[in-house]
Amino acid sequence: MTIHYKTRLTSIGPEVADLAEGGVLILFADGAPPELAEVSVLHAAEGPAGPPPAVGSTIRIGDLAASVTAVGETAWAKVTDMGHVVFSFNGASQADRPGEICADPIDGADLAAQLKSGTDIIIESAG
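For the sequence shown, position 24 matches number 23 in numbering that gives the first Met the number 0, and the numbering has no gaps at all.
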């Protein structure tokens with residue numbers, strides 16, 4: 000198993016649940032400006048990022064898992080440099096935005112339920 004990224008959620012913005020219900024999750028590293036923190040999940044990475052995930056890699060958010068379907072051209076650089084990424088659980092085969100990672104659809108209510116301080120997000124792949 001290759002771990003591409005592992006982080007722990009530290010704070011959940013007041014507008015995150017509504018976005019999660021729509022299949023969107025925005026991560027920012029701890030210390031994000033307040034206006035960004037309102038719509039974001041703040042997190043603290045627990046180690047260096049590995050190589051970029053390929054299509055078929057797995058995103059684990061607490062007890063949920065989804066397969067990566069597309070990675071935007073600047074998404075991995077933003078994750079590793081700034082701790083910022085937008086996950087879109089829409090099953091798209093091509094990211095609409097360069098900083099986006101797309102994954103298989105998951106239930107928005109289930110996603111929102113996993114988003115609490117202390118939850119781990121892990122991006123991993125077999126091999």
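Every residue gets a Cβ at the ideal spot worked out from N, C-alpha and C, and that includes glycine.
Query                                                                                                                                                                                 : Result
Measure the Cβ-Cβ separation of Leu63 and Val40 and say whether it is below 7 angstroms.                                                                                              : no
Out of Phe88, Ala36, Glu14, Pro32, state which residue places its alpha-carbon closest to the alpha-carbon of Ile100.                                                                 : Phe88
Which runs of the alpha helix (DSSP H) fall wholly inside the region 59–107 and span at least 4 residues, in chain order?                                                             : 74–81
Can you tell me whether Leu35 is buried or exposed, with buried defined as 16 or more other CB within 10 angstroms of its CB?                                                         : exposed
Should Ser92 be labelled buried (16 or more other beta-carbon atoms within 10 Å of its own) or exposed?                                                                               : exposed
Could you give the first and the last residue of the continuous alpha helix (DSSP H) run that contains Asp119?                                                                        : First-last for Asp119: 119–124, but that is the beta strand (DSSP E), not the alpha helix (DSSP H).
Give the range of the beta strand (DSSP E) segment to which Ser44 is assigned.                                                                                                        : The identity of residue 44 in the sequence shown is Ala, whereas the question assumes Ser. Here the beta strand (DSSP E) through Ala44 covers 40–44.
In three-state terms, what does DSSP make of Ala28?                                                                                                                                   : strand
CA-CA distance, Ile120 and Gly107?                                                                                                                                                    : 16 angstroms
When you compare only the Cα positions, how much space is there between His42 and Ser116?                                                                                             : 9 angstroms
Taking C-beta to C-beta, are Ser124 and Thr1 nearer than 7 angstroms?                                                                                                                 : yes
Leaving aside the five residues before and after Val67 along the sequence, list all residues of the same chain whose C-beta is less than 8 angstroms from its C-beta, in chain order. : Pro52, Ala53, Val54, Gly55, Ser56, Thr57, Ile58, Ile100, Cys101, Ala102, Ile122
Excluding the five sequence neighbours on either side, which residues of its own chain have a C-beta within less than 6 angstroms of the C-beta of Glu72, listed in chain order?      : Pro97
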